[in-house]
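Keeping their order, the protein sequence lines are chains A and B. Each step along the first sequence adds one to the number in the numbering used here, with nothing skipped, and position 6 is 756. Each step along the second sequence adds one to the number in the numbering used here, with nothing skipped, and position 134 is 1612. The beta-carbon is built from N, C-alpha and C at its ideal position, and this holds for glycine as well. A quick note: this is a predicted structure, and the numbers were derived from the prediction, not measured. One structure is given below, encoded as structure tokens.
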Amino acid sequence: MLRKLKNSLFLIYIVLATFLVTLPLFHIIFSVFINGFPVILKAGLSFLTETLPPPGEELAGIGPAILGTFILTFLSSLIGIPIATLAGIYAAEYPNSFFSRATRTLLLVMIEFPTILVSLFVMSIVVLPMGRFSAIAGAIALVIVMMPYVAVYTEQALKSVPERYREAAYALGLKRKQVVFRVMFSIARKGIVTGFLIGIAKAAGETAPILFTAGGAYRTFFIGLDKPVGAIPLLIYDLVQQPYSNYHEIAWGSALILLIVFLAIFIPVRLSVREVKL
Amino acid sequence: MNAFEVRNLRVSYDDFEIISGIDLDIPAKTCFAIMGPSGCGKSTLLRTFNRLIEINENARVSGIIKLFGKNIFEIETSELRRRVGMVFQIPNPFPHLSVYENVAVGPKFNKMVKNKKELDKIVEWALKKAVLWDEVKDRLRERASNLSGGQMQRLCIARALALKPEVLLMDEPTANLDPISASKIEELIHELKKEYTMVIVTHSPSQASRIADYVAFLYLGKIVEIGRVEDVFENPKHELTEKYLTGRIG
């Protein structure tokens, strides 16, 4: 009797805990939608294409920030994913070497590293020498933030492939490069692509790394890699600190756009990458 | 003519010696069985023949192994592994590839074919050779992981044959199969040994006696006895061999 009671109490506890853990996610999605959707509805399609209005009544749009987010994400993925993938392969392929073990530890430290420090670091090595904020500085900061995720996921995904497939590939006379890229990579693709996506989602959603690097430009569209650029998270951060009600509305609308961008990258690719049944 | 000539072969992992000075000759186009209890070094020995052992960073190999008179340590590993095919204990077709692609993967990546037509031909030939064609000819586009265990193992044999090897190494190829699938593989080995040199590791003396022409009994990293199957099974010269064959060790 007592054991049954204990069992039920434990079950209730677990369900409650799970509910508490996932509650913020649903609350965020719900509140962003409730507050953001009317704004976009009111502003219309121009919300996506127009530039930021002056303080007052107008809503206009957040076009430069959306474009900026895409440029920063694209640029940082272009630089970060290939390098991080190679680092992940190195860690998985040479698990016992000193450098590989050091790489793994450093990657885990980098994941936990406060991103605001990354922003300060890039500011000191790129922004100060260049004399201004720039898209390239923002992208470099995002590269540093995304790389450890991509590398660690790649390493874990490759390591999770049973040894027997690696042996089979070598036994067919395949060279190491072919074994890794043509066999192991394909078998582990779901884990690897998940790592890419988490990296891309990080780059699209992070605020701190671009705080002291990208600069933010919301009244002009992208004008060059060496010029300041806006981004949706940075825009939200800027707008909520302003005392103007139209800026607060735009911030909610921006939050919904960011959420949609995030879900739009994540869900379809996650679903379309077929898992290999081992 | 000997397919393999092995002299004073030693293999160790992290300073722990697994194979302690082995000499043996494996005649071409015969079936040579390496038998012995678990942990005696059979699989390690087999993996030195195609230098697959070298993918383990901690393995150290010394001694001489000649493949048809040529030192295998002077042959490039990818060429050696094309000439010396291998089938493993657990059937391991690539799970992300179809039946067809599994057989095609070796010839394709080793650039043995010029076009799709040639590749189709090799795939069909190899699947027929492995007595699998009739069962899978309408399922070539299906994932290999949909096949049964026995079919998967024959697919692995076809995959190895597609490279047109001279020698086929088999590491307990029936250990994970049901008796009917196992007997099909044994029949296949009987057929294949007419054209290929077969080296088979087994922990079962009865399997060795059914399929092999020659047998070596390996115990604690050393060869205790070696010879024609009928000689070793009928007149074992060593007491350990007799104990093993009668089930008192192993």
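Checklist line | Exposure label - Arg1637 (chain B); buried when at least 16 CB within 10 Å | finding: Sequence index remark: in the second sequence, residue 1637 (chain B) carries index 159 (1-based). Within a 10 Å sphere around the beta-carbon of Arg1637 (chain B) sit 16 or more other beta-carbons, which makes this residue buried.
Item checked: Own chain partners of Ser1521 (chain B) with C-beta closer than 7 Å, once the 5 adjacent residues on each side are dropped -> Counting from 1 along the second sequence, the entry for residue 1521 (chain B) is found at position 43. Cβ neighbours of Ser1521 (chain B) beyond the five flanking positions: Asp1649, Val1679.
Next item on the list: Going by CA-CA distance only, name the one from A:Thr963, A:Phe1016, A:Gly966, A:Leu759 that's closest to Ile950 (chain A).
Entry: By 1-based counting over the first sequence, the position of residue 950 (chain A) is 200. Of the candidates A:Thr963, A:Phe1016, A:Gly966, A:Leu759, the one whose C-alpha sits nearest the C-alpha of Ile950 (chain A) is A:Phe1016.
Notebook entry, point to check: Counting Cβ pairs closer than 8 Å, one from the region 871 to 886 of chain A and one from the region 806 to 816 of chain A, do we hit at least three?
Noted result: no
Checklist line | Which residues DSSP lists as bridging Met1676 (chain B), in chain order | finding: Along the second sequence, one-based indexing puts residue 1676 (chain B) at 198. Looking at the DSSP assignment, Met1676 (chain B) forms a beta bridge with B:Cys1509, B:Leu1646.
Next item on the list: Could you please tell me which residues of the region 917 to 937 of chain A, in chain order, have their CB closer than 7 Å to any CB of chain B?
Entry: Glu917, Ala918, Tyr920, Ala921, Leu922, Gly923, Leu924, Lys925, Gln928, Arg932, Val933, Ser936, Ile937
Next item on the list: Could you name the residues that DSSP lists as bridge partners for Arg1488 (chain B)?
Entry: Here residue 1488 (chain B) refers to the residue found at position 10 when the second sequence is read from its first residue. Paired residue(s): B:Ser1498, B:Ser1540.
Next item on the list: Check the Cβ of Tyr915 (chain A) against every Cβ in chain B and list those closer than 7 Å, keeping chain order.
Entry: Within the first sequence, residue 915 (chain A) is the residue found at index 165, counting from 1. By Cβ distance, chain B contributes Asn1570, Phe1572.
Check: Where do the ends of the alpha helix (DSSP H) carrying Leu817 (chain A) lie?
Finding: Walking along the first sequence from the start, residue 817 (chain A) turns up at place 67. For Leu817 (chain A), the uninterrupted alpha helix (DSSP H) run begins and ends at 813 to 843, by DSSP.
Item checked: Residue of A:Phe971, A:Gly881, A:Ala842 minimising C-alpha distance to Ala907 (chain A) -> Counted from its first residue, the first sequence places residue 907 (chain A) at position 157. It is A:Ala842.
Next item on the list: Determine the extent of the alpha helix (DSSP H) in which Tyr915 (chain A) is found, giving its start and end residues.
Entry: In the first sequence, the residue the question calls residue 915 (chain A) occupies position 165. Segment 913 to 921, the alpha helix (DSSP H) holding Tyr915 (chain A).
Notebook entry, point to check: Between the region 987 to 1000 of chain A and chain B, which residues of the former have CB atoms less than 8 Å from a CB of the latter, in chain order?
Noted result: none
Notebook entry, point to check: Any beta-carbon of chain A closer than 8 Å to the one on Ile1533 (chain B)?
Noted result: Along the second sequence, one-based indexing puts residue 1533 (chain B) at 55. Taking Cβ atoms only, chain A reaches closer than 8 Å to Ile1533 (chain B), which makes this a yes.
Check: Does the Cβ of Thr835 (chain A) have 16 or more other Cβ atoms within 10 Å, making it buried, or fewer, making it exposed?
Finding: Numbered from 1 along the first sequence, position 85 holds the residue referred to as residue 835 (chain A). Buried: at least 16 other Cβ atoms inside 10 Å.
Next item on the list: My understanding is that Lys952 (chain A) touches Ser884 (chain A), with C-beta atoms under 8 Å, so please give their C-beta distance in whole angstroms.
Entry: Numbered from its first residue, the first sequence carries residue 952 (chain A) at position 202. Numbered from its first residue, the first sequence carries residue 884 (chain A) at position 134. Not really, about 20 Å apart at Cβ, beyond 8 Å.
Check: For the putative contact between Val900 (chain A) and Ile937 (chain A), defined by C-beta atoms under 8 Å, what is the C-beta separation to the nearest angstrom?
Finding: Counted from its first residue, the first sequence places residue 900 (chain A) at position 150. Counted from its first residue, the first sequence places residue 937 (chain A) at position 187. A Cβ-Cβ separation of about 18 Å leaves Val900 (chain A) out of contact with Ile937 (chain A) under the 8 Å criterion.
Check: Going along chain A in order, which residues have a C-beta closer than 8 Å to the C-beta of Asn1528 (chain B)?
Finding: If you number the second sequence from 1, residue 1528 (chain B) lands on position 50. What Asn1528 (chain B) touches in chain A: Ala921.
Checklist line | Interface positions of the region 781 to 811 of chain A facing chain B (Cβ-Cβ less than 7 Å), listed along the chain | finding: none
Note to self: Output needed for Val929 (chain A): all residues of its chain with C-beta closer than 8 Å, excluding positions within five of it in sequence on either side, in chain order.
What the structure shows: Residue 929 (chain A) sits at position 179 when you count from the first residue of the first sequence. Cβ neighbours of Val929 (chain A) beyond the five flanking positions: Arg916, Ala919, Tyr920.
Check: Using a threshold of 7 Å, is the CB atom of Arg916 (chain A) nearer than that to any non-hydrogen atom of the ligand ADP?
Finding: With respect to the ligand ADP, the structure offers nothing, as it holds no ligand at all.
Note to self: Which same chain residues end up closer than 6 Å to Ile1550 (chain B) when comparing Cβ atoms and leaving out the 5 residues on each side of it in sequence?
What the structure shows: Here the question's residue 1550 (chain B) lines up with position 72 in the second sequence. Once the five neighbours on either side are set aside, the close Cβ partners of Ile1550 (chain B) are Ile1543, Leu1558.
Notebook entry, point to check: With 16 as the cutoff for other CB atoms within 10 Å, does Arg1696 (chain B) come out buried or exposed?
Noted result: As a first step, residue 1696 (chain B) is located in the second sequence; it is residue number 218 there, counting from the start. Note on identity: in this sequence residue 1696 (chain B) is Leu, with Arg being the wrong assignment. By the neighbour-count rule (16 or more Cβ atoms within 10 Å), Leu1696 (chain B) is buried.
Next item on the list: Please confirm whether Ala1481 (chain B) and Ala1690 (chain B) have their CB atoms less than 8 Å apart.
Entry: Along the second sequence, one-based indexing puts residue 1481 (chain B) at 3. Along the second sequence, one-based indexing puts residue 1690 (chain B) at 212. Pairing Ala1481 (chain B) with Ala1690 (chain B) gives a Cβ-Cβ distance that is not under 8 Å.
Notebook entry, point to check: If we cut at 8 Å on Cβ distances, does Asn1654 (chain B) have a partner in chain A?
Noted result: Start at 1 with the first residue of the second sequence, and residue 1654 (chain B) comes out as number 176. When Cβ-Cβ separations below 8 Å define contact, Asn1654 (chain B) makes no contact with chain A.
Check: How far does the alpha helix (DSSP H) with Met897 (chain A) in it reach, from first residue to last?
Finding: Here residue 897 (chain A) refers to the residue found at position 147 of the first sequence. Looking at the DSSP string, the run of the alpha helix (DSSP H) that includes Met897 (chain A) is 885 to 909.
Next item on the list: Report buried or exposed for Ala1014 (chain A), applying the criterion of at least 16 other Cβ atoms within 10 angstroms of its Cβ.
Entry: Counting from one through the first sequence, the residue named residue 1014 (chain A) turns up at place 264. Burial call: exposed.
Item checked: Residue-level contact to chain B via CB, Asn846 (chain A), 8 Å cutoff -> In the first sequence, residue 846 (chain A) corresponds to position 96, counting from 1. In terms of beta-carbon proximity, Asn846 (chain A) lines the interface with chain B, with at least one pair separated by less than 8 Å.
Note to self: Let me check one thing: in DSSP terms, what residues is Lys1548 (chain B) bridge-paired to?
What the structure shows: Here residue 1548 (chain B) corresponds to residue number 70 of the second sequence, with the count starting at 1. Lys1548 (chain B) pairs with B:Leu1545.
Checklist line | Residues sharing a beta bridge with Tyr1692 (chain B), DSSP | finding: Sequence index remark: in the second sequence, residue 1692 (chain B) carries index 214 (1-based). Paired residues: B:Phe1510, B:Arg1706.
Checklist line | Cβ-based contacts, 7 Å cut-off: residues of the region 1537 to 1549 of chain B near chain A | finding: none
Notebook entry, point to check: Buried or exposed: which applies to Ile1716 (chain B), given that a residue is buried once 16 or more other Cβ atoms fall within 10 Å of its Cβ?
Noted result: The count along the second sequence starts at 1 and reaches residue 1716 (chain B) at position 238. In the sequence under discussion, the amino acid at residue 1716 (chain B) is His, which differs from the Ile named in the question. Exposed, since its Cβ has fewer than 16 Cβ neighbours within 10 Å.
Check: Is Ile1568 (chain B) helix, strand or coil when you go by DSSP?
Finding: Your numbering for residue 1568 (chain B) matches position 90 in the second sequence. It is coil, neither helix nor strand.
Checklist line | Endpoints, the alpha helix (DSSP H) within which Glu1665 (chain B) is located | finding: Along the second sequence, one-based indexing puts residue 1665 (chain B) at 187. Here the alpha helix (DSSP H) through Glu1665 (chain B) covers 1657 to 1670.
Note to self: For a contact defined as C-beta to C-beta under 8 Å, what are the partners of Ser1626 (chain B) on chain A?
What the structure shows: As a first step, residue 1626 (chain B) must be located in the second sequence, where it is residue number 148. Simply none; closest approach about 15 Å.
Notebook entry, point to check: Between Ile778 (chain A) and Ile833 (chain A), what straight-line distance do the alpha-carbon atoms span, to the nearest angstrom?
Noted result: The residue you call residue 778 (chain A) lines up with position 28 of the first sequence. The residue you call residue 833 (chain A) lines up with position 83 of the first sequence. Ile778 (chain A) and Ile833 (chain A): Cα-Cα distance of roughly 33 Å.
Check: Assuming Gln1629 (chain B) and Leu1610 (chain B) make a contact with CB atoms under 8 Å, what is their CB distance in whole Å?
Finding: If you number the second sequence from 1, residue 1629 (chain B) lands on position 151. If you number the second sequence from 1, residue 1610 (chain B) lands on position 132. With 8 Å as the limit, Gln1629 (chain B) and Leu1610 (chain B) qualify as a contact, their Cβ atoms being about 6 Å apart.
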